[in-house]
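Below: the structure, in structure tokens.
There are 2 protein chains.
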Amino acid sequence: MTSTISINDNHLLKLAPLEVPNRLLLGPGPSNAHPTVLQAMNTTPLGHLDPAFLALMDEIQSLLRYVWQTENPHTIAVSGTGTAAMEATLANTVEPGDVVLIGVAGYFGNRLVDMAGRYGADVRTISKPWGQVFSLDEISTALETHKPAILALVHAETSTGARQPLAEVGELCRKYGTLLLVDTVTSLGGVPIFLDEWGVDLAYSCSQKGLGCSPGASPFTMSTRAMEKLQKRETKVANWYLDMLLLGKYWGSERIYHHTAPINLYYGLREALRLVAAEGLANCWQRHQKNVEYLWESLESIGLKMHVEKEYRLPTLTTVCIPEGVDGKVVARQLLLEHNIEVGGGLGELAGKVWRVGLMGFNSRPESVDRLIEALKQVLGK
Amino acid sequence: MTSTISINDNHLLKLAPLEVPNRLLLGPGPSNAHPTVLQAMNTTPLGHLDPAFLALMDEIQSLLRYVWQTENPHTIAVSGTGTAAMEATLANTVEPGDVVLIGVAGYFGNRLVDMAGRYGADVRTISKPWGQVFSLDEISTALETHKPAILALVHAETSTGARQPLAEVGELCRKYGTLLLVDTVTSLGGVPIFLDEWGVDLAYSCSQKGLGCSPGASPFTMSTRAMEKLQKRETKVANWYLDMLLLGKYWGSERIYHHTAPINLYYGLREALRLVAAEGLANCWQRHQKNVEYLWESLESIGLKMHVEKEYRLPTLTTVCIPEGVDGKVVARQLLLEHNIEVGGGLGELAGKVWRVGLMGFNSRPESVDRLIEALKQVLGK
Chain A
1 MTSTISINDN HLLKLAPLEV PNRLLLGPGP SNAHPTVLQA MNTTPLGHLD
51 PAFLALMDEI QSLLRYVWQT ENPHTIAVSG TGTAAMEATL ANTVEPGDVV
101 LIGVAGYFGN RLVDMAGRYG ADVRTISKPW GQVFSLDEIS TALETHKPAI
151 LALVHAETST GARQPLAEVG ELCRKYGTLL LVDTVTSLGG VPIFLDEWGV
201 DLAYSCSQKG LGCSPGASPF TMSTRAMEKL QKRETKVANW YLDMLLLGKY
251 WGSERIYHHT APINLYYGLR EALRLVAAEG LANCWQRHQK NVEYLWESLE
301 SIGLKMHVEK EYRLPTLTTV CIPEGVDGKV VARQLLLEHN IEVGGGLGEL
351 AGKVWRVGLM GFNSRPESVD RLIEALKQVL GK
Chain B
1 MTSTISINDN HLLKLAPLEV PNRLLLGPGP SNAHPTVLQA MNTTPLGHLD
51 PAFLALMDEI QSLLRYVWQT ENPHTIAVSG TGTAAMEATL ANTVEPGDVV
101 LIGVAGYFGN RLVDMAGRYG ADVRTISKPW GQVFSLDEIS TALETHKPAI
151 LALVHAETST GARQPLAEVG ELCRKYGTLL LVDTVTSLGG VPIFLDEWGV
201 DLAYSCSQKG LGCSPGASPF TMSTRAMEKL QKRETKVANW YLDMLLLGKY
251 WGSERIYHHT APINLYYGLR EALRLVAAEG LANCWQRHQK NVEYLWESLE
301 SIGLKMHVEK EYRLPTLTTV CIPEGVDGKV VARQLLLEHN IEVGGGLGEL
351 AGKVWRVGLM GFNSRPESVD RLIEALKQVL GK
């Protein structure tokens, strides 16, 4: 039947085995994964219903609760990158017409706006210049005005390097029956987070930043309150892949097949979480803080300034002002191609104005800072 | 501020480094990835906008066109497992109210029905007992009746082991302005596919079967006709993560950031595709066919029967009838725990009636067959 059709070789490439340059990834992510994590990914796969794999999923769930400091039973890894986990929070809880209030002070606030709209939300926003954060008063006023079903805030704005304080926000939300949704993509593992203490109902993150894993399996958690909203929906979740009612039957005791998990990434995530647990969460947070302070001092010592006020700076990601007369893109390219160091450029309001320097997970080490400063000195002619 | 909260160690586990049993995965997937592929995943990550990574994405695109036998410019890997790529086909092309006709002869046909409904489709179905396929006449009549915007067929029904012939279906579709959407999850790399010859407009697959990769980065392709439907949409795609207009700007020449790709999985996928290209597509198909015929003969030699008529059997996945009086689950469990061999059970109509045996990618070798038959003989007491 098909044997009469001849094979078209137009797109046939004869390639050599994979070889990639060895970069130090000090941009906004991905960061270099811990070597132990990469080694674990080179392990023969198990089936997604193998008892040995199900046990590994339980370990991931438990350790995600630990790093997020939550008791939420529904704490899992989504089979996609952080953006998929972000989408999962909205897809499951937004019903058409729900008022969703979003704090926008950077690129990822805007992404939440776009996503929420796609799920039929009546989106309201409050905004701040990129690099600033919202005060508790500003949040309180906005909640009073909009009485939203969901308030979404970005804990660690990857585009600006600012840390949004969250203490007491959850309490305010409870006054209005509002669910609190938080982006912890650039904070999980590197910045103190106490989800339950803060009354956070929905959170998502990624694997390749504070956790020091490779990207592709992304932490997701929802509180019992958020689960109740999901269970009361009148319409199916408009996203089969990320439907937490279906996924809960796979991650929970029923073990009903939903989709084939990215097995080897889960190996990596399990190892990354094991390493954080072995270090201890408090030590891990302190290491990130100590190394970023060394970075800030070192950058200042060569005449560079930070974009965000010190009090609100993230330990994981720093926005560094590009000096007058310097072409930030040219510098970043030189760092990459001449020194094998990746730093990020600015997005949106900060395009052309800052470099974004990440010190996350395995890369949060003094050696990373020293190597960057040495290279910057050469490139900037300091 | 946060220093007064003490860390809760309830969910802290102190784990040993990862160790997993070494299984031969002869179920419906995942299959064992090629050792070279796993080794490639243990390579330090690049940034998702690094020129070296963008070049690797180009290689993936080209080789996906080769294995699918298509010229579609929009041929990419989705950052999720096969189910995400499946969802991407519907999310991008279904607009609320569109008539979507789906051929249901197994579990994955049903999944398409569920998914399409979530995107607002007016879903119509034709159905067959599980294990059978639709004739061209049946398809033609259904097209005439429903005049759908999209016809979705499962080329390789993973739940039944049946291969749906597709020659001439695309021509019929063109008479009604219908887009042809095809599930090639269990066929890509292992079963002859000629997407362009067959007039297929949308297809998806996975990495962990015929391609011999690890799961998590999944092939997706759409024709120019399908792209036109996407471009003419009146509403945004109700799925940000899988929006092909946004993804096209990352995979295309603009290189605009969309999400952080699962870097190390792309390394693996590139290597898996490189190995298929080195073997040659025709050789790869022939190897799958030859080894499955050896499997069928071997199974028959120990008195077992196949569920699907020979003409429509897949070379990648075989459904084997469980003999009267045998508990299929007990046998599968013994194979797994005593012989380290995974086979799958039946789903839906075939639950308790068949085992599903995959010979895909790296696992399509005579040694896999020999090991399975030896173990089956012991377990069944033959």
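Protein sequences, first through last, are from chains A and B. Be aware that the first sequence starts at 1, since it is given in UniProt numbering, and climbs by one per residue. Be aware that the second sequence starts at 1, since it is given in UniProt numbering, and climbs by one per residue. Beta carbons are placed, not taken as given, at the ideal position from N, Cα and C, and that holds for glycine.
- The C-beta of A:ILE263 comes closer than 7 Å to at least one C-beta of chain B.
- Inter-residue distance for A:GLU293 and A:LEU304 is about 14 Å (C-alpha atoms, whole angstroms).
- Nearest in C-alpha terms to A:GLY177, of all of A:LYS209, A:GLU138, A:ALA226, is A:ALA226.
- When the five nearest sequence neighbours on each side are left out, the beta carbons in the same chain lying within less than 7 Å of the beta carbon of B:LEU172 are those of ILE139, SER140, LEU143, in order along the chain.
- By a beta-carbon distance limit of 8 Å, A:ASN291 does not contact A:LEU202. Their separation comes to about 30 Å.
- Assignment of beta-bridge partners to A:GLU157 by DSSP yields A:ALA162.
- Collapsing the DSSP output to three states places B:THR221 in a strand.
- In this structure, A:ALA55 keeps its C-beta atom at 7 Å or more from the C-beta atom of A:CYS213.
- Interface residue (Cβ-Cβ distance to chain A less than 7 Å): B:VAL37 is not classified as such.
- For the options B:LYS14, B:VAL104, B:GLU168, the alpha carbon positioned closest to that of B:ASP137 is the one of B:GLU168.
- Across the region 202–214 of chain A, CB contacts with chain B closer than 8 Å involve CYS206, GLN208, SER214, in sequence order along the chain.
- Nearest neighbour of B:ALA156 by Cα position, chosen from B:TYR107, B:ALA121, B:GLY117, turns out to be B:TYR107.
- Here the alpha carbons of B:GLY97 and B:LEU38 stand approximately 44 Å from one another.
- With a cut-off of 8 Å on Cβ pairs, the region 249–262 of chain B is not in contact with the region 13–32 of chain B, counting fewer than three such pairs.
- At a cut-off of 7 Å between beta-carbon atoms, B:ILE341 makes no contact with chain A.
- Linking B:ALA40 to A:GLY47 through their CA atoms gives a straight-line distance of about 21 Å.
- Ranking A:ASN42, A:VAL326, A:THR318 by CA distance to the CA of B:ASN22 puts A:ASN42 first.
- At a beta-carbon threshold of 8 Å, none of the residues of chain A lie near B:ARG287; the nearest stands roughly 15 Å away.
- For the pair A:ALA282 and B:ILE7, the CB atoms are nearer than the 7 Å cut-off.
- In the structure shown, the three-state DSSP call for A:LEU337 is helix.
- Rounded to whole angstroms, the separation of the alpha carbons of A:ILE341 and B:ARG270 is 24 Å.
- Look at A:TRP285 here: in three-state DSSP terms it is helix.
- A:ILE102 is a Cβ neighbour of A:VAL113, given a cutoff of 7 Å.
- Taking a contact to require three or more Cβ pairs closer than 8 Å, the region 55–71 of chain A and the region 238–249 of chain B do not qualify as touching.
- When beta bridges are read from the DSSP output, A:TRP130 appears opposite A:GLN132.
- For A:LEU25, the CB contacts under 7 Å within the same chain, skipping 5 residues up- and downstream, are SER31, ASN32, GLU342, ASN363 in chain order.
- Taking 8 Å as the upper bound for CB-CB distance, B:LEU317 and B:ARG356 are in contact here, some 6 Å apart.
- If you look at B:THR44, you'll find it isn't in any alpha helix (DSSP H); DSSP assigns it neither H nor E.
- By the Cβ neighbour-count rule, B:ARG274 is buried, with 16 or more other Cβ atoms within 10 Å of its own.
- B:VAL369 and B:SER205 have their C-alpha atoms roughly 25 Å apart.
- Listed in chain order, the non-local C-beta contacts of B:VAL308 below 7 Å within the same chain comprise GLY131, THR160, GLY161, ALA162, THR319, local neighbours out to five positions each way being set aside.
- In the DSSP assignment, A:GLY358 falls within the beta strand (DSSP E) that extends over 354–358.
- Residue-level contact by beta carbon holds for B:LEU15 and chain A, with a gap shorter than 7 Å.
- For A:GLY103, the enclosing beta strand (DSSP E) begins and ends at 99–104.
- At least one CB atom of chain A sits nearer than 7 Å to the CB of B:LYS236.
- Each of B:THR89, B:GLU19, B:ASP9, B:GLU71 was checked against the Cα of B:PHE220, and the nearest Cα belongs to B:THR89.
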